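The listed protein sequences derive, respectively, from chains B and W. Take the working numbering: the last position of the first sequence gets the number 1338, and nothing is skipped along the way. Take the working numbering: the last position of the second sequence gets the number 986, and nothing is skipped along the way. For every residue, glycine included, the Cβ atom is placed at its ideal position computed from N, Cα and C. Since the model is a prediction, treat every value here as computed from it, not as a measurement. Here is the structure we will look at.
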Amino acid sequence: MLTINEFIEWEGESIPFEKGDTVAIALIRAGITFLGNTPTGQKRSVFCGIGQCQSCLVSGEGLGETEACLLPCRNGMRLHYSYPLGKEQNE
Amino acid sequence: MSSIPQILIVGAGIAGLTAAARIAEAGAEVIVVDQSASIGGNFHRQSSKGGGVKRLKHHRRQWERIQSNLQQQNQRIEVQNQTRFIGLDRTGSVLLSKARSSESVIIHPRAVIMATGAVEKVFPREGWTLPGVMTAGAIQVFMKASGMAFPGRVMLGGSGALLYAVAAQMVHMGNPPIAIVDESTPFRHGLNTLKLPSKYLREGFSFMTSLVKAKVPLLTGAKIIRLQQNGDNKTLSVSIMLKGGNKKRYIVDRIGLHDGMQCNDYGLTPHSSIIVKKAGDCRETLGAMGAERDAIKVADELSIDLNIGPVMGFSGDNLEDCRRAQNLLKKIFMKKHGKSITELEDETIICRCENRTARDLRELKHPTERETRLVGRFAMGACQGRYCTHWVNDYLSQEDNSNPIFLAKQRWPVRPVSVESLIGAKEE
């Protein structure tokens, strides 16, 4: 069975995905765990996988913050950390 | 107002789709909304590739039945994917928001059935908020949705029957867990196990056979002490205390934690001028078959309330057998560390969203419910307390048994919504 890989772009890196993958699934396949920081410095990652914990928020494509585990991959979509690294406020 | 009632159902999983077909059959028009891009919820999450996790025959049959009933009523049912239920106000106005735009709409259904399922409980262990730490259910959802094994060295830990289901599925998919750390001692409950209905026993037996064949190390009565990020910023160190008191350390790529299930009924405000019902796991966690039966019961009750139908076969199912089986499973897989919430290290994070620690909780001396939230900031973050409320309530009730405080779960929005979206909300 021929599988033609399509790609999303995560933080500038090309990540392949299979048809029907959410962004979270594609990132897990690629071995990526760290999804950026929150404005208060907590680390984002896929935790619950079902759109309830709000830990896996990513940004891009004019979406604002959105859950990676609910966002279907589309070829060429460009995503990045929901908050720029290094700009976190300390408590 | 049309004499054909319009019903909103939140969640296109087992309960939502079952209730939809049943109430449509009684004569209602139904809109089912789901935040995800597909139907089936979490239990019947499908892989677009086909294949995937091995499903038991009665579960496969359930999904076929659900799809067939849905198809039969498709003239009366509209499924809207990537649509989030935000809340319901006292006038009966419902706010829905679309995922990929800032569009919110306001609709006025005659009744709402909430079928938002369950979420997992995860005990706040040291390091549980590190990247690479997931729930056992998230590991399972990956396998179901991708049709592939979960990659890397993966450990499962906590307590509950789900650990064994996920572990067996991982074996079947070709990458067994490197170990299961079960903080309970299920094998001490031989007599209780025999009381389970035969379907559960067969299921459990088949899981155990898979795990034994694959030689998956099973550490029962052990305890996960801490999780730490390793210097490579990718792998995690898991420190475990074994049943005998010895310590052991594992290096893993991911760990799936699980400490039981809870109803995902957060954010549902109790007052409304329209009928609101809960069906399935969000009302009571009774498992997949229980959710289907509960949904039929709730849809039939609603058809009576709305004076439509009748639907043949209303049996007054009390689901007592499901309840008994779930309670038995809880007994068998009960973790024996009852007081551990009060023994947490100061630095352990309890509220993930707001970064609130055990110390922050201790510093609130005998707080009221409002103080715990507004001063302590517990359960005030984006997840609306889904992952910390249970433990905060545990802690507070142990501190002061005479006056138990429970953090309010009922405050909208059910899930985050942007201000821009709220302002732009339009009547449909």
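Cβ neighbour criterion (16 or more within 10 Å) applied to residue i
| i | result |
| --- | --- |
| W:Val633 | It should be noted that the sequence gives Gln, not Val, for residue 633 of chain W. By the 10 Å Cβ count, W:Gln633 comes out exposed. |
| W:Thr576 | buried |
| W:Gly987 | Nothing can be reported for residue 987 of chain W: it is not among the residues displayed for chain W, which extend from 559 to 986. |
| W:Ile562 | exposed |
| W:Met559 | Reliability of the predicted coordinates at W:Met559 is poor, the pLDDT of 46 falling under 50, and the value obtained from them is presented with this limitation in mind. The residue in question, W:Met559, is exposed, as its Cβ has fewer than 16 Cβ neighbours within 10 Å. |
| W:Lys781 | buried |
| W:Gly874 | exposed |
| W:Phe745 | exposed |
| B:Ser1261 | exposed |
| B:Leu1326 | buried |
| W:Gly608 | exposed |
| B:Glu1338 | Confidence at B:Glu1338 is low in this model, with a pLDDT of 42, below 50, so its placement is unreliable and no value can be given for it. |
| W:Lys855 | buried |
| W:Asn600 | buried |
| W:Asp852 | buried |
| W:Thr947 | buried |
Host alpha helix (DSSP H) of residue i (start-end)
| i | result |
| --- | --- |
| W:Arg882 | Glu878 to Ile890 |
| W:Gln968 | Per DSSP, W:Gln968 belongs to no alpha helix (DSSP H) and is neither H nor E. |
| W:Gly748 | Gly748 to Leu752 |
| W:Tyr953 | Thr947 to Glu957 |
| W:Tyr722 | Ala719 to Met731 |
| W:His816 | Note, W:His816: premise wrong, no alpha helix (DSSP H); beta strand (DSSP E) at Arg812 to His816. |
| B:Gly1323 | Neither: B:Gly1323 is in no alpha helix (DSSP H) and is coded neither H nor E. |
| W:Thr930 | Glu927 to Leu932 |
| W:Val699 | Ala694 to Ser704 |
| W:Val977 | Val977 to Ile981 |
| W:Ala582 | Ile572 to Glu583 |
| B:Glu1265 | It is not in any alpha helix (DSSP H) - B:Glu1265 carries neither H nor E in the DSSP assignment. |
Option in the options with minimal Cα separation from residue i
| i | options | result |
| --- | --- | --- |
| B:Thr1313 | B:Pro1286, B:Ala1277 and B:Cys1303 | B:Cys1303 |
| W:Gly710 | W:Ile736, W:Thr693 and W:Gln727 | W:Ile736 |
| W:Gly732 | W:Arg812, W:Phe708, W:Lys753 and W:Leu749 | W:Phe708 |
| W:Leu976 | W:Arg623, W:Arg613, W:Lys615 and W:Ser660 | The sequence given here places Ser at residue 976 of chain W; Leu does not occur at that position. Nearest of W:Arg623, W:Arg613, W:Lys615 and W:Ser660 to W:Ser976, Cα basis: W:Ser660. |
| W:Ala595 | B:Cys1320, B:Gly1309 and B:Arg1325 | B:Cys1320 |
| W:Ile581 | W:Asp592, W:Asn627, W:Lys757 and W:Cys880 | W:Asn627 |
| W:Lys771 | W:Lys805, W:Pro734 and W:Lys792 | W:Pro734 |
| W:Val652 | W:Ala694, W:Ser831 and W:Arg928 | W:Ser831 |
| W:Arg973 | W:His816, W:Ala584, W:Asp592 and W:Gly574 | W:Asp592 |
| W:Ala978 | W:Asn876, W:Val663, W:His602 and W:Gln727 | At residue 978 of chain W the sequence reads Glu, which differs from the Ala that was named. The shortest Cα separation from W:Glu978 among W:Asn876, W:Val663, W:His602 and W:Gln727 belongs to W:Val663. |
| B:Gly1309 | W:Asp918, W:Ala657, W:Ala584 and W:Gly645 | W:Ala657 |
| B:Glu1256 | B:Ala1315, B:Lys1334, B:Glu1335 and B:Leu1332 | B:Ala1315 |
| W:Met766 | W:Arg613, W:Val677 and W:Tyr722 | W:Tyr722 |
| W:Gln604 | B:Thr1280, B:Ser1329, B:Cys1300 and B:Lys1266 | B:Lys1266 |
| B:Pro1331 | B:Ala1271, B:Met1324, B:Glu1253 and B:Gln1289 | B:Gln1289 |
First and last residue of the uninterrupted beta strand (DSSP E) at residue i
| i | result |
| --- | --- |
| W:Ser756 | Unbroken run through W:Ser756 is the alpha helix (DSSP H), Ser756 to Lys771; no beta strand (DSSP E). |
| W:Ser797 | Leu794 to Met799 |
Beta carbon proximity, residue i to chain W, threshold 7 angstroms
| i | result |
| --- | --- |
| B:Ser1261 | no |
| B:Ile1297 | yes |
| B:Lys1334 | no |
| B:Phe1264 | no |
| B:Pro1331 | no |
| B:Phe1281 | yes |
| B:Cys1300 | yes |
| B:Gly1267 | yes |
| B:Ile1275 | yes |
| B:Ser1292 | yes |
| B:Ile1272 | yes |
Chain B within 7 angstroms of residue i, Cβ atoms only
| i | result |
| --- | --- |
| W:Ala937 | no |
| W:Cys941 | yes |
| W:Ser795 | no |
| W:Asn639 | no |
| W:Val933 | no |
| W:Tyr945 | yes |
| W:Ser594 | yes |
| W:Met559 | Only weak support is given to the placement of W:Met559: the predicted model assigns it a pLDDT of 46, under 50, and the question is left unresolved by the model. |
| W:Asn913 | yes |
| W:Met728 | no |
| W:Phe700 | yes |
| W:Pro734 | no |
| W:Gly569 | no |
| W:Gly690 | yes |
| W:Thr843 | no |
| W:Ala703 | yes |
| W:Ala696 | yes |
| W:Asn600 | yes |
| W:Val677 | yes |
Heavy atom of the ligand ATP within 6 angstroms of residue i beta-carbon
| i | result |
| --- | --- |
| W:Asp817 | The ligand ATP is absent from the structure shown, which contains no ligand whatsoever. |
TODO: Jot down the residue ranges of each uninterrupted beta strand (DSSP E) in the region 642 to 686 of chain W, minimum 3 residues, whole runs only, in chain order.
DONE: 652 to 656, 662 to 665, 669 to 672 and 676 to 678
Task: Positions along the region 1315 to 1329 of chain B whose CB lies within less than 7 angstroms of some CB in chain A - done: Here chain A cannot be found, since the structure's protein chains are B and W.
TODO: Within the region 605 to 632 of chain W, note down every full alpha helix (DSSP H) run reaching 4 residues or more, in order along the chain.
DONE: 615 to 630
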